[in-house]
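Under the working numbering, the sequence shown has 46 at position 36, and the numbering climbs by one with no breaks. All residues carry an ideal CB built from backbone N, CA and C; glycine is no exception. Keep in mind it's a predicted model, so treat the numbers as computed, not measured. Below is one structure; the comments refer to it alone.
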Amino acid sequence: FKRNQDRLTHIAVLKGGYTWGLGRGLQTDFKVKYINDVDGRSKAISVDDYQGHLLLARAETSYPFTDRLRGTLGYELNYWNEKNRSAIVENSTYATYKTVKHKWFAGLRYRFGGADFKYVIEYLRKDQSRRDVDDTTDVLAPQKWRVVRSKATLEVAW
(Lines of atoms letter the chains of each structure in order from A and count residues from 1; the text may use other names and numbers.)
(Lines give C-alpha, C1' and ligand atoms only; values in the text may rest on other atoms or scores of the structure.)
Protein backbone atom coordinates (compact mmCIF):
# COMPACT_ATOMS: atom_id res chain seq x y z
CA PHE A 1 0.00 0.00 0.00
CA LYS A 2 1.01 3.59 -0.53
CA ARG A 3 2.23 5.69 2.37
CA ASN A 4 -0.10 8.37 3.73
CA GLN A 5 -3.25 6.55 2.77
CA ASP A 6 -6.29 6.41 5.04
CA ARG A 7 -9.00 5.34 2.60
CA LEU A 8 -12.67 4.40 2.97
CA THR A 9 -14.80 3.71 -0.11
CA HIS A 10 -18.52 2.94 -0.34
CA ILE A 11 -19.99 1.66 -3.62
CA ALA A 12 -23.71 1.26 -4.37
CA VAL A 13 -25.03 -0.27 -7.60
CA LEU A 14 -28.53 -0.63 -9.00
CA LYS A 15 -29.11 -2.37 -12.31
CA GLY A 16 -32.01 -3.88 -14.15
CA GLY A 17 -33.57 -4.63 -17.46
CA TYR A 18 -36.81 -5.40 -19.16
CA THR A 19 -37.69 -7.21 -22.37
CA TRP A 20 -40.68 -5.65 -24.10
CA GLY A 21 -43.11 -7.76 -26.10
CA LEU A 22 -42.32 -5.86 -29.29
CA GLY A 23 -41.23 -7.78 -32.38
CA ARG A 24 -38.43 -10.21 -31.54
CA GLY A 25 -38.02 -8.74 -28.03
CA LEU A 26 -36.86 -5.14 -27.60
CA GLN A 27 -34.68 -5.06 -24.48
CA THR A 28 -33.95 -2.09 -22.20
CA ASP A 29 -31.17 -2.21 -19.59
CA PHE A 30 -29.89 0.33 -17.07
CA LYS A 31 -27.17 0.60 -14.47
CA VAL A 32 -26.54 3.29 -11.84
CA LYS A 33 -23.44 3.31 -9.64
CA TYR A 34 -22.53 5.75 -6.85
CA ILE A 35 -19.10 5.84 -5.25
CA ASN A 36 -18.25 7.80 -2.11
CA ASP A 37 -14.47 7.78 -1.73
CA VAL A 38 -12.60 9.33 1.21
CA ASP A 39 -8.83 9.32 1.66
CA GLY A 40 -7.37 11.04 4.71
CA ARG A 41 -3.89 10.80 3.16
CA SER A 42 -1.40 12.29 5.62
CA LYS A 43 -2.57 12.51 9.24
CA ALA A 44 -0.14 15.42 9.74
CA ILE A 45 -1.78 17.57 7.02
CA SER A 46 -5.55 18.07 7.16
CA VAL A 47 -5.83 20.12 3.94
CA ASP A 48 -4.75 17.18 1.76
CA ASP A 49 -7.82 15.03 2.54
CA TYR A 50 -9.54 13.70 -0.60
CA GLN A 51 -13.32 13.46 -0.93
CA GLY A 52 -14.81 12.02 -4.11
CA HIS A 53 -18.43 11.64 -5.17
CA LEU A 54 -18.77 9.71 -8.42
CA LEU A 55 -22.05 8.96 -10.19
CA LEU A 56 -22.16 6.69 -13.22
CA ALA A 57 -25.43 6.02 -15.08
CA ARG A 58 -25.98 3.99 -18.24
CA ALA A 59 -29.08 3.07 -20.25
CA GLU A 60 -29.30 1.10 -23.46
CA THR A 61 -31.88 -0.43 -25.73
CA SER A 62 -31.11 -3.40 -27.95
CA TYR A 63 -33.04 -5.32 -30.55
CA PRO A 64 -32.35 -8.77 -32.05
CA PHE A 65 -32.83 -8.34 -35.80
CA THR A 66 -32.10 -12.06 -36.25
CA ASP A 67 -30.96 -14.90 -33.99
CA ARG A 68 -27.37 -13.85 -34.76
CA LEU A 69 -27.53 -10.06 -35.22
CA ARG A 70 -28.36 -7.55 -32.46
CA GLY A 71 -28.30 -3.74 -32.58
CA THR A 72 -27.84 -1.44 -29.56
CA LEU A 73 -28.35 2.29 -28.87
CA GLY A 74 -27.44 3.88 -25.57
CA TYR A 75 -26.29 6.75 -23.39
CA GLU A 76 -23.91 6.96 -20.44
CA LEU A 77 -23.36 9.79 -17.94
CA ASN A 78 -20.40 10.11 -15.58
CA TYR A 79 -20.31 12.89 -12.98
CA TRP A 80 -17.28 13.20 -10.71
CA ASN A 81 -16.89 15.80 -7.95
CA GLU A 82 -13.47 15.34 -6.34
CA LYS A 83 -12.23 17.67 -3.60
CA ASN A 84 -8.41 17.80 -3.28
CA ARG A 85 -7.92 15.37 -6.14
CA SER A 86 -4.34 16.40 -6.88
CA ALA A 87 -1.67 18.77 -5.62
CA ILE A 88 -0.65 21.84 -7.59
CA VAL A 89 3.08 22.06 -6.96
CA GLU A 90 3.51 25.67 -8.18
CA ASN A 91 1.36 27.19 -5.44
CA SER A 92 1.25 24.35 -2.85
CA THR A 93 -2.51 23.93 -3.01
CA TYR A 94 -4.94 21.18 -3.95
CA ALA A 95 -7.35 21.27 -6.85
CA THR A 96 -11.01 20.30 -6.80
CA TYR A 97 -11.99 18.56 -10.02
CA LYS A 98 -15.49 18.43 -11.46
CA THR A 99 -15.89 16.17 -14.46
CA VAL A 100 -19.00 15.62 -16.57
CA LYS A 101 -18.80 13.02 -19.32
CA HIS A 102 -21.60 12.21 -21.77
CA LYS A 103 -21.31 9.23 -24.10
CA TRP A 104 -23.80 8.30 -26.80
CA PHE A 105 -23.20 4.97 -28.53
CA ALA A 106 -24.53 2.58 -31.16
CA GLY A 107 -23.39 -0.96 -31.80
CA LEU A 108 -23.91 -4.19 -33.66
CA ARG A 109 -23.13 -7.70 -32.47
CA TYR A 110 -23.04 -10.74 -34.73
CA ARG A 111 -22.76 -14.23 -33.28
CA PHE A 112 -21.83 -17.24 -35.35
CA GLY A 113 -21.08 -20.49 -33.55
CA GLY A 114 -18.24 -19.74 -31.11
CA ALA A 115 -17.40 -16.39 -32.75
CA ASP A 116 -18.72 -13.06 -31.49
CA PHE A 117 -18.08 -9.97 -33.63
CA LYS A 118 -18.88 -6.56 -32.11
CA TYR A 119 -18.69 -3.06 -33.56
CA VAL A 120 -19.37 0.10 -31.50
CA ILE A 121 -19.25 3.78 -32.46
CA GLU A 122 -19.33 6.43 -29.70
CA TYR A 123 -19.52 10.18 -29.35
CA LEU A 124 -17.82 11.34 -26.16
CA ARG A 125 -18.21 14.81 -24.65
CA LYS A 126 -16.18 15.44 -21.51
CA ASP A 127 -15.80 18.72 -19.59
CA GLN A 128 -13.50 19.09 -16.61
CA SER A 129 -12.94 22.06 -14.30
CA ARG A 130 -9.97 22.20 -11.91
CA ARG A 131 -10.56 24.80 -9.23
CA ASP A 132 -9.20 25.76 -5.83
CA VAL A 133 -10.45 24.10 -2.64
CA ASP A 134 -13.18 26.74 -2.19
CA ASP A 135 -14.34 26.07 -5.78
CA THR A 136 -14.02 29.79 -6.66
CA THR A 137 -10.95 30.11 -8.90
CA ASP A 138 -9.49 27.99 -11.70
CA VAL A 139 -6.06 26.73 -10.68
CA LEU A 140 -5.58 24.91 -13.98
CA ALA A 141 -7.25 25.59 -17.30
CA PRO A 142 -10.58 23.82 -17.83
CA GLN A 143 -10.42 20.89 -20.24
CA LYS A 144 -12.90 19.88 -22.94
CA TRP A 145 -12.89 16.76 -25.06
CA ARG A 146 -15.13 16.06 -28.07
CA VAL A 147 -14.29 12.63 -29.48
CA VAL A 148 -15.81 10.24 -31.98
CA ARG A 149 -14.34 6.79 -31.67
CA SER A 150 -15.14 3.31 -32.85
CA LYS A 151 -14.05 -0.16 -31.88
CA ALA A 152 -14.40 -3.57 -33.47
CA THR A 153 -13.69 -6.82 -31.64
CA LEU A 154 -13.75 -10.48 -32.52
CA GLU A 155 -13.95 -13.03 -29.71
CA VAL A 156 -13.67 -16.74 -30.39
CA ALA A 157 -14.42 -19.53 -27.93
CA TRP A 158 -13.33 -23.12 -28.43
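Practice item. Report all residues from its chain with a CB closer than 8 Å to the CB of G27; omit the five preceding and five following residues, and keep chain order. Key: On the sequence shown, residue 27 is found 17 positions in, with the first residue counted as 1. Taken in chain order, the residues that qualify are Q37, T38, D39, F40.
Review point. Using DSSP with H/G/I as helix, E/B as strand and the rest coil, what is D58?
Key: Numbered from its first residue, the sequence shown carries residue 58 at position 48. Helix, per DSSP.
Review point. From which residue to which residue does the beta strand (DSSP E) around K53 run?
Key: In the sequence shown, counting from the first residue as 1, residue 53 sits at position 43. Per DSSP, K53 belongs to no beta strand (DSSP E) and is neither H nor E.
**Study point:** Secondary structure, beta strand (DSSP E): runs of 3+ residues fully inside the stretch 72-159
**Key:** 79-98, 103-122, 125-141
Point to revise | 8 Å contact criterion, which H112 and N91 should meet: CB distance rounded | key: Here residue 112 refers to the residue found at position 102 of the sequence shown. Here residue 91 refers to the residue found at position 81 of the sequence shown. No, H112 and N91 are not in contact; Cβ-Cβ is about 16 Å, not under 8 Å.
Practice item. Would you kindly report the start and end of the unbroken beta strand (DSSP E) that includes R34? Key: Translated into positions along the sequence shown, residue 34 becomes position 24. That residue, R34, is in no beta strand (DSSP E); it is neither H nor E in DSSP.
Check your understanding: Between L118 and Y129, which are expected to be in contact by the criterion C-beta below 8 Å, what is the C-beta distance as a whole number of angstroms?
Key -> Within the sequence shown, numbered from 1, the residue matching residue 118 stands at position 108. Within the sequence shown, numbered from 1, the residue matching residue 129 stands at position 119. That belief holds up - the Cβ atoms of L118 and Y129 are roughly 5 Å apart, short of 8 Å.
**Study point:** L66 to W168 span [Cα, whole Å]
**Key:** By 1-based counting over the sequence shown, the position of residue 66 is 56. By 1-based counting over the sequence shown, the position of residue 168 is 158. Roughly 35 Å between the two C-alpha positions.
Check your understanding: With distances taken between CB atoms, is the gap from P74 to R135 smaller than 8 Å?
Key -> What you label residue 74 is simply residue 64 of the sequence shown in a count that begins at 1. What you label residue 135 is simply residue 125 of the sequence shown in a count that begins at 1. No, the Cβ-Cβ distance between P74 and R135 is not below 8 Å.
Review point. Looking only at its own chain, which residues have a Cβ that is under 6 Å from the Cβ of D16, when we skip the five neighbours before and after it?
Key: Numbered from 1 along the sequence shown, position 6 holds the residue referred to as residue 16. Result list for D16: G50, in chain order.
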